[in-house]
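Let me begin by presenting the structure, written as structure tokens, before commenting on it.
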Amino acid sequence: MALDEEKIKGILKEKGLKVTRQRLVVLNALASKPDSHLTAEEIYDLVKTDSPEIGLATVYRTIQLFMELHLIDRINLDDGFVRYEIGDMGTKKNSHHHHHLICLSCGRVLSVEDDLLDELEAEIARTTGFKVTDHEVKLYGYCKECGGNLIEKNKTSE
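Numbering-wise, the sequence shown is residues 118 to 275 according to the working numbering.
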């Protein structure tokens, strides 16, 4: 994913924050792995390759700042780690995130961009008055490489 550094610089300046090399390096590290869901330590490992002077504490502080600015999202994949990914880059507050498919065999995580819950949310609002502002969906199963439908077919024939 190509990072629009000018947009990032504009967001930081608009919030009265300095545009630092460390901040751009951390965001570029996340952007370099668009299909990954990285831990802070994995981000740090990417950063220290080209910028060994940046410490883990700086990475953590930068992650926290970027979450507050809606530049990155924190996700929990139920693996005991807090993970991060590039967000909507500050364009939409209270926007819905994409969903994740988690393979029970290999642990691979796939992102699904389709948000099929709009009708359900509208019905909830209509019947209860509750306004849904966000949700998180994780679907567990088996990816194509691990047999997908074949595994389930074998379970039902046992």
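Here a beta-carbon is modelled for each residue, glycine too, at the ideal position from N, C-alpha and C.
Proximity below 8 Å, CB of residue i to CB of residue j
i: arginine 140; j: leucine 129; result: yes
i: isoleucine 203; j: proline 151; result: yes
i: isoleucine 219; j: lysine 255; result: yes
i: isoleucine 160; j: alanine 148; result: no
i: valine 249; j: glutamate 238; result: yes
i: leucine 186; j: lysine 132; result: yes
i: histidine 215; j: glutamate 230; result: yes
i: isoleucine 98; j: alanine 157; result: Outside the shown range of the chain (118 to 275) lies residue 98, about which nothing can therefore be said.
Distance, residue j Cα to residue i Cα
i: histidine 217; j: tyrosine 257; result: 9 Å
i: valine 143; j: arginine 243; result: 42 Å
i: asparagine 211; j: aspartate 251; result: Confidence is the limiting factor: at asparagine 211 the pLDDT is only 47, short of 50, which leaves the residue's position unreliable and the question unanswerable from this model.
i: valine 164; j: glutamate 122; result: 17 Å
i: alanine 174; j: aspartate 232; result: 35 Å
i: tyrosine 259; j: valine 199; result: 22 Å
i: tyrosine 201; j: valine 226; result: 13 Å
i: phenylalanine 247; j: arginine 138; result: 43 Å
i: leucine 120; j: serine 153; result: 15 Å
i: threonine 245; j: leucine 234; result: 16 Å
i: serine 228; j: aspartate 196; result: 16 Å
Nearest-angstrom beta carbon gap, residue j and residue i [assumed within contact, 8 Å]
i: phenylalanine 183; j: isoleucine 192; result: At roughly 14 Å, the Cβ-Cβ gap does not stay under 8 Å, so phenylalanine 183 and isoleucine 192 are not in contact.
i: valine 136; j: lysine 126; result: 5 Å
Boundaries (first-last residue) of the alpha helix (DSSP H) holding residue i
i: valine 143; result: 138-148
i: leucine 338; result: An answer regarding residue 338 cannot be provided, because it is not within the stretch 118 to 275 covered by the chain.
i: arginine 243; result: 235-245
i: glycine 127; result: 122-131
Limits of the beta strand (DSSP E) - the one that residue i falls within
i: valine 226; result: 226-229
i: lysine 255; result: 255-258
i: leucine 163; result: Counting along the chain, leucine 163 falls outside any beta strand (DSSP E), though it belongs to the alpha helix (DSSP H) covering 157-167.
i: alanine 220; result: A small correction: the amino acid at residue 220 is cysteine; alanine does not occupy that position in the sequence shown. Looking at the DSSP string, the run of the beta strand (DSSP E) that includes cysteine 220 is 216-220.
i: arginine 202; result: Checking the displayed sequence, the identity of residue 202 turns out to be glutamate instead of arginine. Taken as a continuous stretch (DSSP letters only), the beta strand (DSSP E) holding glutamate 202 covers 199-203.
i: aspartate 277; result: No statement about residue 277 is possible, as the shown extent of the chain runs from 118 to 275 and does not include it.
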